[in-house]
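Protein chains: 2
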Amino acid sequence: MDGSALPIARSTLPEAAAERLRALIIEGELPPGAKLNERELSERLGVSRTPLREAFRMLAADGLLVQLPNRGAQVVALSPADVRGAFEVMGALEGLAGELAVARVAEADIADLRALQGEMEVAHAGRDLPGYYRINRLIHDRLNALADNAVLGQTYRTLNARLHALRFRSNLNPAKWDQAVAEHRAMIEALAARDGAALRDLLVGHLRAKQQAVLDAMENKDDKNLQGGKVP
Amino acid sequence: MDGSALPIARSTLPEAAAERLRALIIEGELPPGAKLNERELSERLGVSRTPLREAFRMLAADGLLVQLPNRGAQVVALSPADVRGAFEVMGALEGLAGELAVARVAEADIADLRALQGEMEVAHAGRDLPGYYRINRLIHDRLNALADNAVLGQTYRTLNARLHALRFRSNLNPAKWDQAVAEHRAMIEALAARDGAALRDLLVGHLRAKQQAVLDAMENKDDKNLQGGKVP
DNA sequence: CTCTGGCATATTGTATACAAAATGCAAGCC
DNA sequence: GGCTTGCATTTTGTATACAATATGCCAGAG
Chain A
1 MDGSALPIAR STLPEAAAER LRALIIEGEL PPGAKLNERE LSERLGVSRT PLREAFRMLA
61 ADGLLVQLPN RGAQVVALSP ADVRGAFEVM GALEGLAGEL AVARVAEADI ADLRALQGEM
121 EVAHAGRDLP GYYRINRLIH DRLNALADNA VLGQTYRTLN ARLHALRFRS NLNPAKWDQA
181 VAEHRAMIEA LAARDGAALR DLLVGHLRAK QQAVLDAMEN KDDKNLQGGK VP
Chain B
1001 MDGSALPIAR STLPEAAAER LRALIIEGEL PPGAKLNERE LSERLGVSRT PLREAFRMLA
1061 ADGLLVQLPN RGAQVVALSP ADVRGAFEVM GALEGLAGEL AVARVAEADI ADLRALQGEM
1121 EVAHAGRDLP GYYRINRLIH DRLNALADNA VLGQTYRTLN ARLHALRFRS NLNPAKWDQA
1181 VAEHRAMIEA LAARDGAALR DLLVGHLRAK QQAVLDAMEN KDDKNLQGGK VP
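Protein chains in written order, with the working numbering: chain A, 1 to 232; chain B, 1001 to 1232.
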């Protein structure tokens, strides 16, 4: 993370509103397919319609909303095909990040990552799921940072946010969890060995497993938070 | 220049304004780093500031503008690092498109592509550069369509627009042109052979060559249309 | 002569008023 | 009875007025 020399993170109203809406969408308060009434939302957020509409445009560009002319904005409802597509792109991006990281990684970075891997295995052994997710995210962030590619990071974050709007809790069963931890270890070893192709394959495969888990969860209609299909 | 101030009469005003601005940026009427005065632009486009601001948000999300709080919008000025990053991501995306295309391609598609390849070689033999570019674009579009991944297509188009804003005329010298045509032929053969890995490598390499050409062009300060570095 | 502080001006940010379009309902027609 | 059609209401789209912030200039002190 840079962000050290930013003047001051003085947020403008449309940005703040967008942030707020993003959170509402991700936490499920605004579920997929929900119609967003401008007047109602502007009252609820305490801003007027003008900045709110700019927020809508931002979220629509991120793929979290769809805007229909003269018919307002809706929270996007991803179809299984969309999810598959998004994961495919995420895989390609992570793979690229891995290759770039290999080219730029220093010994100190590898030591850091090994330390994180150790923490992850501790969390895993202790069945500390939240801790695991936290470390997991740290490791992936670290890899993306090593890639040192702003466009990549930006694209990755946008896609990630879109998928998070699904609120998938792909129930991590013990076998899959074990496998994921093992895969992480292999990743770090591939990075240490500067084997870009191997790292790429590992990252792509890792993500493909997650994709399958999410798609399986979508099949289960009992999980009402995951609604796919087309919007009526 | 052609301030054909015809009040835009299309779908929604913000979208139309964004389209118009996008064109102005790509054709260089609004050069990199240019400050966009809301009032002046709104008069020039014949729209009021409100829809114009929504257009700004859209273009900023596409990476064509940067918006500074209370200091308005500027046309983005890509640094060489940004260009490198964007091309790296484009390469990953094209590579993915190739792999997906291999998985989904039908014989009829291959025949179509071979026909296009033939046209391209005719254009090449006749030193018809515009024709070459047209066919080139058709082939790449066809590959992306074969990938059948909306997220991929969307991401690809956005990045492509951002790079086009550079208005790079990477002067295609005869040797590079020959090579590019040969690479295209190899791509189609890899696709016909359903060799995804080979196709991916070809696409990535192909794009890497273009990246190098653009970066070289950026070095040449005499081409005033390509300005990199930070904005003062 | 340079630097600082404060004021005038220009520009962006936000709210609100008004216009246009879509939606829902009900009455009339087939 | 089902379908269409026109009106009332709701909702979105746009313009403009007002507020907040930044910018540039000028005067005065050092």
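C-beta: ideal position from N, C-alpha, C; glycine also. Note that this is a predicted model, so its numbers are computed, not measured.
Exercise. Any idea what DSSP makes of LEU1163 of chain B, helix, strand or coil?
Worked result: In the second sequence, residue 1163 of chain B corresponds to position 163, counting from 1. Helix, per DSSP.
Problem set entry | Under 8 angstroms (Cβ pairs) to chain B, residues found in the stretch 42–59 of chain A | THR50, ARG53, GLU54, ARG57, MET58
Problem set entry | Contact set between the stretch 1067–1089 of chain B and chain A, restricted to residues whose Cβ is under 7 angstroms from the partner | PRO1069, ASP1082, GLY1085, ALA1086, GLU1088, VAL1089
Exercise. Do the stretch 1080–1098 of chain B and the stretch 146–153 of chain A make contact, defined as three or more Cβ pairs closer than 8 angstroms?
Worked result: yes
Exercise. GLN1212 of chain B to PHE1087 of chain B, Cα distance in whole Å?
Worked result: What you label residue 1212 of chain B is simply residue 212 of the second sequence in a count that begins at 1. What you label residue 1087 of chain B is simply residue 87 of the second sequence in a count that begins at 1. Cα to Cα, GLN1212 of chain B sits roughly 9 angstroms from PHE1087 of chain B.
Exercise. Which residue's Cα is closest to the Cα of ALA103 of chain A: A:LYS176, A:ARG200, A:GLU43, A:ARG134?
Worked result: The residue labelled residue 103 of chain A in the question sits at position 103 within the first sequence. Nearest of A:LYS176, A:ARG200, A:GLU43, A:ARG134 to ALA103 of chain A, Cα basis: A:ARG200.
For this session: Please compile the residues from chain B whose C-beta is within a distance smaller than 9 angstroms of the C-beta of ASP62 of chain A.
Result: Reading the first sequence from its first residue, position 62 is the one you call residue 62 of chain A. Chain B residues near ASP62 of chain A: ALA1061.
Exercise. According to DSSP, which residues form a beta bridge with VAL1075 of chain B?
Worked result: Walking along the second sequence from the start, residue 1075 of chain B turns up at place 75. BP columns for VAL1075 of chain B point to B:LEU1065.
Problem set entry | Sequence-distant residues of the same chain with beta carbon closer than 6 angstroms to LYS224 of chain A, five excluded per side | Residue numbering aside, residue 224 of chain A sits at position 224 when the first sequence is read from its first letter. Per-residue confidence for LYS224 of chain A stands at a pLDDT of 44, beneath the threshold of 50, marking its modelled position as unreliable; the derived number appears in the next sentence. Contacts found: none.
Exercise. Does the distance from the CB of ARG20 of chain A to the CB of ALA161 of chain A come in under 8 angstroms?
Worked result: Locating residue 20 of chain A in the first sequence gives position 20, where the first residue counts as 1. Locating residue 161 of chain A in the first sequence gives position 161, where the first residue counts as 1. No, the Cβ-Cβ distance between ARG20 of chain A and ALA161 of chain A is not below 8 angstroms.
Problem set entry | Contact set between LEU93 of chain A and chain B, taken where Cβ atoms lie within less than 8 angstroms | Locating residue 93 of chain A in the first sequence gives position 93, counting from the first residue. Result: VAL1089, ALA1092.
For this session: Taking only beta-carbon positions, decide if ALA150 of chain A is within less than 8 angstroms of chain B.
Result: Counted from its first residue, the first sequence places residue 150 of chain A at position 150. Chain B, which has a Cβ nearer than 8 angstroms to the Cβ of ALA150 of chain A, makes this yes.
For this session: Report all residues from its chain with a CB closer than 6 angstroms to the CB of GLU27 of chain A; omit the five preceding and five following residues, and keep chain order.
Result: Your numbering for residue 27 of chain A matches position 27 in the first sequence. Within the same chain, GLU27 of chain A has no close Cβ partners at all.
For this session: Would you list, in chain order, the members of the stretch 103–125 of chain A that have their beta-carbon closer than 8 angstroms to a beta-carbon of chain B?
Result: none
For this session: Tell me, please, which residues DSSP counts as bridged to LYS35 of chain A.
Result: For the purposes of this step, residue 35 of chain A is identified with residue 35 of the first sequence, where counting begins at 1. According to DSSP, LYS35 of chain A bridges with A:GLN74.
Exercise. Can you find a CB in chain A that lies within less than 8 angstroms of the CB of LEU1100 of chain B?
Worked result: What you label residue 1100 of chain B is simply residue 100 of the second sequence in a count that begins at 1. Judged by the 8 angstroms Cβ criterion, LEU1100 of chain B is in contact with chain A.
Exercise. Roughly how many angstroms separate the alpha carbons of GLY95 of chain A and SER1042 of chain B, rounded to a whole number?
Worked result: In the first sequence, counting from the first residue as 1, residue 95 of chain A sits at position 95. In the second sequence, counting from the first residue as 1, residue 1042 of chain B sits at position 42. Going from the Cα of GLY95 of chain A to the Cα of SER1042 of chain B covers about 43 angstroms.
For this session: Identify, in the order they occur along the chain, each residue of the same chain with its Cβ nearer than 6 angstroms to the Cβ of GLU192 of chain A, setting aside the five sequence neighbours on each side.
Result: Translated into positions along the first sequence, residue 192 of chain A becomes position 192. Position check: residue 192 of chain A holds Ala in this sequence, whereas Glu was assumed. Correct list, in chain order: ILE110.
Exercise. Do you know how far the Cα of PRO1130 of chain B is from the Cα of LEU163 of chain A?
Worked result: Taking the first residue of the first sequence as position 1, residue 163 of chain A is located at position 163. Taking the first residue of the second sequence as position 1, residue 1130 of chain B is located at position 130. Looking at the two C-alpha atoms, the distance is approximately 40 angstroms.
Problem set entry | Proximity test, LEU96 of chain A beta-carbon vs the ligand SAM heavy atom, cut-off 7 angstroms | Because no ligand of any kind appears in the structure shown, any question about the ligand SAM cannot be addressed here.
Exercise. Between the Cα of LEU949 of chain B and the Cα atoms of B:ARG1057, B:GLY1091, B:ASP1062, B:ARG1194, which residue gives the shortest distance?
Worked result: Shown here, chain B extends from 1001 to 1232; a query on residue 949 of chain B therefore has no answer.
Exercise. Would DSSP call ALA106 of chain A helix, strand or coil?
Worked result: Position 106 of the first sequence holds residue 106 of chain A. Coil.
Problem set entry | Contacts of LEU1096 of chain B in chain A (Cβ-Cβ under 8 angstroms) | Numbered from its first residue, the second sequence carries residue 1096 of chain B at position 96. The answer, in chain order, is GLU88, VAL89, GLY91, ALA92.
Exercise. At which residue ranges does the stretch 137–205 of chain A contain complete alpha helix (DSSP H) runs of 4 or more residues, listed in the order of the chain?
Worked result: 150–164, 174–192
Exercise. Excluding five sequence neighbours on each side, which residues of the same chain lie with their C-beta closer than 6 angstroms to the C-beta of MET58 of chain A?
Worked result: The residue given as residue 58 of chain A occupies position 58 in the first sequence. So the qualifying residues of the chain are ALA18.
Exercise. Do you know offhand how far GLN74 of chain A's Cα is from GLU1219 of chain B's?
Worked result: Here the question's residue 74 of chain A lines up with position 74 in the first sequence. Here the question's residue 1219 of chain B lines up with position 219 in the second sequence. Those two C-alpha atoms are separated by around 45 angstroms.
Problem set entry | Close Cβ partners of MET998 of chain B (< 8 angstroms) along its chain, the five nearest in sequence each way excluded | Nothing can be reported for residue 998 of chain B: it is not among the residues displayed for chain B, which extend from 1001 to 1232.
For this session: Using a threshold of 8 angstroms, state whether the C-beta atoms of GLY63 of chain A and GLU38 of chain A are closer than that.
Result: The sequence position of residue 63 of chain A within the first sequence is 63, counting from 1. The sequence position of residue 38 of chain A within the first sequence is 38, counting from 1. It is not a contact, given that the beta carbons lie outside the stated cut-off.
Problem set entry | GLY46 of chain A, buried or exposed, once every other Cβ within 10 Å from all chains shown has been counted against 16 | As a first step, residue 46 of chain A is located in the first sequence; it is residue number 46 there, counting from the start. With fewer than 16 Cβ atoms within 10 Å of its Cβ, GLY46 of chain A is classed as exposed.
Problem set entry | Three-state secondary structure (DSSP) of LEU30 of chain A | Sequence index remark: in the first sequence, residue 30 of chain A carries index 30 (1-based). Coil, per DSSP.
For this session: Keeping to the same chain, check which residues put their C-beta closer than 6 angstroms to that of ASP216 of chain A; ignore five residues upstream and five downstream.
Result: The residue you call residue 216 of chain A lines up with position 216 of the first sequence. Contacts found: none.
For this session: Helix, strand or coil for SER48 of chain A, going by three-state DSSP, please let me know.
Result: Within the first sequence, the letter at position 48 stands for residue 48 of chain A. Note: SER48 of chain A maps to coil in three-state DSSP.
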